[in-house]
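In this note's numbering, the protein residues as written are 43 to 189.
Presented below is the structure to which this report refers.
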């Protein structure tokens, strides 16, 4: 499983993964028009921030990262439990000595996933700094120094 740089033609399938998550997640409000998500996904894809993993049906998982800051990591339900999220995160860890992200406090599955992959809580907020205005947790992973 080797992540590749996302291309503009991957954008519709990556958005389907993102929008599917939003629709399946009762606690997550829809705060942006679809058009805005499309514009932003195209911009960050052009900028080279997005890596994607494919299966036989096309893009099945993606990560959006600007340097050390992970903005998003989503896996299609058909691909969950197959190591795709781990593979995307491991590639990011090889590229950076430190990663950080913000995860919604209500997203227990994501919090557990990141904790299992070495991320530690660095702080909490009331959500004033995110689009959804939901309480979130700042998590950081730091590569261990070589012995």
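All C-beta atoms in this analysis are idealised placements derived from N, C-alpha and C, irrespective of residue type, glycine included.
DSSP places residue 95 in the strand class (E or B) of the three-state scheme.
With respect to the 8 Å criterion, residue 64 and residue 77 are not classified as neighbours on the basis of their beta carbons. For residue 53, the uninterrupted alpha helix (DSSP H) segment begins and ends at 53-66. The way I'd put it, the region 171-182 does touch the region 139-157; three or more beta-carbon pairs between them come closer than 8 Å.
A straight-line Cα-Cα distance of about 23 Å links residue 58 and residue 133. Taking residue 91 as the centre and dropping the five residues before and after it, the same chain places the C-beta of 106, 107, 108, 113 closer than 8 Å to its C-beta, in chain order. Ranked by Cα distance from residue 145, the options 172, 119, 122 are led by 172. As for any beta strand (DSSP E) of minimum length 3 sitting wholly inside the region 69-135, the runs are 92-97, 100-108, 111-117, ordered along the chain. In this structure, the beta-carbon distance from residue 45 to residue 80 does not fall below 8 Å.
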